[in-house]
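A.B. asks:
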Amino acid sequence: MAQGVFAITEQRDAELRKVSFEAVSEGRRLADGLGTDLTAVILGSGVEGFADQLKKYGADKILVADDPALAEYTTDAYTNVLTELIHASDPAVIIMGASAQGKDLAGRLAARLDAGVAMDCVGIKIDNGNLTYTRPMFGGKILADVEIEGNPQMVAIRPNVMDINEVSKNCVIEKAAVQVGEIKTKVVEKKMETGDKIELTEADIIVSGGRGTGGDYALIEALANELGAAVGASRSAVDEGWRPHSDQVGQTGKTVSPTLYIACGISGAIQHLAGMSTSKYIVAINKDEEAPIFSRADYGIHGDLFEVVPAITEAVKKLKG
Amino acid sequence: MDIVVLVKQVPDTESLVQIADDGVSIKKQDIKWIMNPYDELAVEEALRIKEAQGGTVTILSFGPEKAIETIRTALAMGADQGVHIKDPVAEGSDSLASAKLLAAALKNIPYDLVIAGHRAVDEDNYQVASAVAELLGIPQVSMVNKAEVSEGKITCHRTVEGGTVVMEASLPALFTTQRGLNEPRYASLPGIMKAKKKTVDVKTVADLGVDAAVVGAAHRKVKIKALNLPPQRQAVRMIQGEAAAAKAAELVKILHEETKII
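Respectively, the protein sequence lines represent chains A and B.
Per this note's numbering, the first sequence starts with residue 1, numbered consecutively.
Per this note's numbering, the second sequence starts with residue 322, numbered consecutively.
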């Protein structure tokens, strides 16, 4: 009978990604709730050292699948290796991150395992051995509670939402058998942004600008810089060509869940609100007192962003002394 | 180059989505239905590849009667023909069941390349395209913002957190679209007239040879138990003050002392 929780971690460029710790911590919570064990798997090349880093998050066992062919993520190799490991351990629940990698992998793995997936999950309830997954639909305009029939159940968790907890627990580290199989795709080049640019979906604070900026992002960037925040944009700002597509927050862009979201000169179109409504705190700055964004914000400043934003930057500087 | 584009009809992203009385579905009336925005990118990309290299573009959609509107829109943009999987038995299928239907239909359509949106902006499942690629046994590349086809392979720029990974896949292959790939064209009036005469084959679950016991609302693996509106925030606290500097200072004080974020 299928039992146990199986957490798939993710590493890139010699680092375990934060969502890996979130998946293992949440996996621990599920395993405790179901009265079962947690196995975590690390895939990559030369990744044995990562097990020491991961073991403090509560896995009973860590499998290390180490192979040169796993150095860069490819759907084929990762699906092939994971399928073998999953068949061998026959888990009841598979948990992973709903990152770019996780979103690519989940559908493929689910089709191979003939399993249901709760994608981009933001909360899991455990009740008498039953799991209910809460996940946004329609870009977050609706939250659905779903249950999954059959084994295994798969859940991909939205990055930046679940808590990370350190647990002191015995952890066995094992080298996993690796059957890479046929790989039909090849990574030919990686073009990563250099510098300290903070990824929107992983940022604690986001300063976002909309049509009200008139395309001038210097003030937004200055505030973001002072706060160590990422810079976001509304769809209209992206459509105007002021910011790249990768900065877009909303239903047809990125869905973000920072601790603090500062919306500057963003009126609050439904499709934008959908992308940031799970932020913990929302601050809106707008010169239109009637802007819909104020109805979704915790704190509002009615005023000209060209005066207010630099004043906030100054106030933060002063606070930091 | 024969290309199949997977399209889905979805509620307009500007629509207000309301929960129906049954608590597990949305109110379908009063919604404006559109082609999934990521699928528009897929149709456009297919047309550009066809214009450069020749071949055919087939639109494949699984959806109710009304989905024909979206297929016709794609035909009006310039696609050659459509296939509409339409069967009351299959309505309410989840991602994996939808993928099984689409993959079954693809087994009877010649293709070198399949293009799809990376997700549909209704249930936001991000799974159908990957599952279709798996069921067909072809390689996939997700969230692509640049694609070049040449000599039996495709080179795709796949967007990931903080950058782009350039990947190659041998054809036949599937890739999914990301914003930035192109600017979809509008259907022209002559295009709309021509689209009315283009063939759209209708396929049922039985036509496709898919087991009816794996499709439809009753056989979902992912069962929707309840839909809820996101929790409402408390009423906004408007920061008062004479000048910008006073308001800014007050806000920063709150963020520092009360919410302890900065």
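Built from N, CA and C at the ideal position, the CB exists for glycine as well.
Computed from a predicted model, the values in this text were never measured in an experiment.
Quick check: the Cα distance between A:Met137 and B:Gly413, rounded to an integer number of angstroms?
C.D. replies: Between A:Met137 and B:Gly413, the C-alpha separation is close to 15 Å.
A.B. asks: Give the list of continuous beta strand (DSSP E) stretches no shorter than 3 residues that lie fully inside the stretch 32-74 of chain A.
C.D. replies: Counting only runs of 3 or more, we get 38-44 and 61-66.
A.B. asks: To which residues of the same chain is B:Arg440 closer than 6 Å at the C-beta, ignoring the five residues directly before and after it?
C.D. replies: Result list for B:Arg440: Tyr447, in chain order.
A.B. asks: Taking Cβ-Cβ distances shorter than 7 Å, what residues in chain A pair up with B:Ala388?
C.D. replies: In chain order: nothing, as chain A lies at least about 18 Å away.
A.B. asks: Within a Cβ cutoff of 6 Å, which residues of the same chain sit near B:Thr485, ignoring the five residues on either side of it in sequence?
C.D. replies: Cβ within range, chain order: His478.
A.B. asks: Comparing the C-beta of B:Gly344 with each C-beta of chain A, is any distance below 8 Å?
C.D. replies: Taking Cβ atoms only, chain A never reaches closer than 8 Å to B:Gly344, which makes this a no.
A.B. asks: Could you name each continuous beta strand (DSSP E) segment of 3 residues or more that falls completely within the stretch 440-516 of chain B, going from the start of the chain to the end?
C.D. replies: Entirely contained in the stretch 440-516 of chain B, the beta strand (DSSP E) runs reaching 3 residues are, in chain order, 461-471, 474-481, 484-491 and 494-498.
A.B. asks: Compare the C-beta of A:Val180 against all C-beta atoms of chain B and say whether one is closer than 8 Å.
C.D. replies: Not one chain B Cβ lies under 8 Å of A:Val180.
A.B. asks: Anything in chain A within Cβ reach of B:Gln350, meaning under 9 Å, just list it in chain order.
C.D. replies: Within 9 Å Cβ-Cβ: nothing; B:Gln350 doesn't reach chain A, min ~16 Å.
A.B. asks: What's the call for B:Gln461, buried or exposed, on a 16-neighbour Cβ count within 10 Å?
C.D. replies: When all chains shown are included, B:Gln461 counts as buried.
A.B. asks: If A:Ala7 sits next to A:Ile95, beta carbons under 8 Å apart, how far is it from one beta carbon to the other, in whole angstroms?
C.D. replies: 5 Å between Cβ atoms; contact.
A.B. asks: Is it a yes or a no for the stretch 296-314 of chain A touching the stretch 405-412 of chain B, going by three-plus beta-carbon pairs under 8 Å?
C.D. replies: At 8 Å Cβ cutoff, the stretches do not touch.
A.B. asks: Count the other CB atoms, across all protein chains shown, that sit within 10 Å of the CB of A:Tyr73; report buried if there are 16 or more and exposed otherwise.
C.D. replies: A:Tyr73 should be labelled buried.
A.B. asks: Beta-carbon of A:Leu123 versus every beta-carbon of chain B: anything under 8 Å?
C.D. replies: In the sequence under discussion, the amino acid at residue 123 of chain A is Gly, which differs from the Leu named in the question. A:Gly123 does not count as touching chain B.
A.B. asks: With DSSP as the reference, please indicate the residues paired to A:Glu299 in a beta bridge.
C.D. replies: Per the sequence shown, residue 299 of chain A should be read as Tyr rather than Glu. Note: A:Tyr299 sits in a beta bridge opposite A:Val283 and B:Arg558.
A.B. asks: Put A:Ala342 into one of helix, strand or coil per three-state DSSP.
C.D. replies: Residue 342 of chain A is absent from the model: chain A starts at 1 and stops at 321.
A.B. asks: Here's the rule I'm using: 16 or more other beta-carbon atoms within 10 Å means buried, otherwise exposed. How should A:Thr194 be labelled?
C.D. replies: Burial call: exposed.
A.B. asks: Can you tell which of A:Pro310, A:Ala224 and A:Ala77 has its C-alpha closest to the C-alpha of B:Ala564?
C.D. replies: When only C-alpha atoms are compared, the closest one is A:Pro310.
A.B. asks: Bridge partners of A:Asp127, per DSSP?
C.D. replies: A:Asn130, per the DSSP bridge assignment.
A.B. asks: Since I believe B:Val435 is in contact with B:Val449 (beta carbons under 8 Å), could you give me their beta-carbon distance rounded to a whole number of angstroms?
C.D. replies: About 11 Å; that fails the 8 Å criterion.
A.B. asks: CA-CA distance, A:Ser208 and A:Met276?
C.D. replies: Going by the C-alpha atoms only, they are around 10 Å apart.
A.B. asks: Comparing the C-beta of B:Gly584 with each C-beta of chain A, is any distance below 8 Å?
C.D. replies: With chain B represented from 322 up to 583, any question about residue 584 of chain B goes unanswered, as that position is not in the structure.
A.B. asks: Run down chain A in chain order and give the residues with a C-beta less than 9 Å from the C-beta of B:Pro551.
C.D. replies: The answer, in chain order, is Pro136, Gly140, Lys141, Ile142, Leu143, Ser277 and Thr278.
A.B. asks: For A:Ile206 versus A:Gly228, is the C-beta distance shorter than 8 Å?
C.D. replies: No; because the gap between Cβ atoms is not below 8 Å, this pair is not in contact.
A.B. asks: Just to confirm the assignment, what range does the alpha helix (DSSP H) spanning A:Phe306 have?
C.D. replies: First-last of the alpha helix (DSSP H) with A:Phe306: Leu305 to Lys320.
A.B. asks: Using a Cβ cut-off of 9 Å, pull out every chain B residue sitting near A:Ser99, in sequence order please.
C.D. replies: Chain B residues near A:Ser99: Val481 and Glu482.
A.B. asks: So, do the stretch 150-161 of chain A and the stretch 120-135 of chain A have three or more beta carbon pairs nearer to each other than 8 Å?
C.D. replies: These segments touch.
A.B. asks: Would you say A:Lys186 faces chain B, with C-beta separation under 8 Å as the test?
C.D. replies: With 8 Å as the cut-off, A:Lys186 counts as an interface residue toward chain B.
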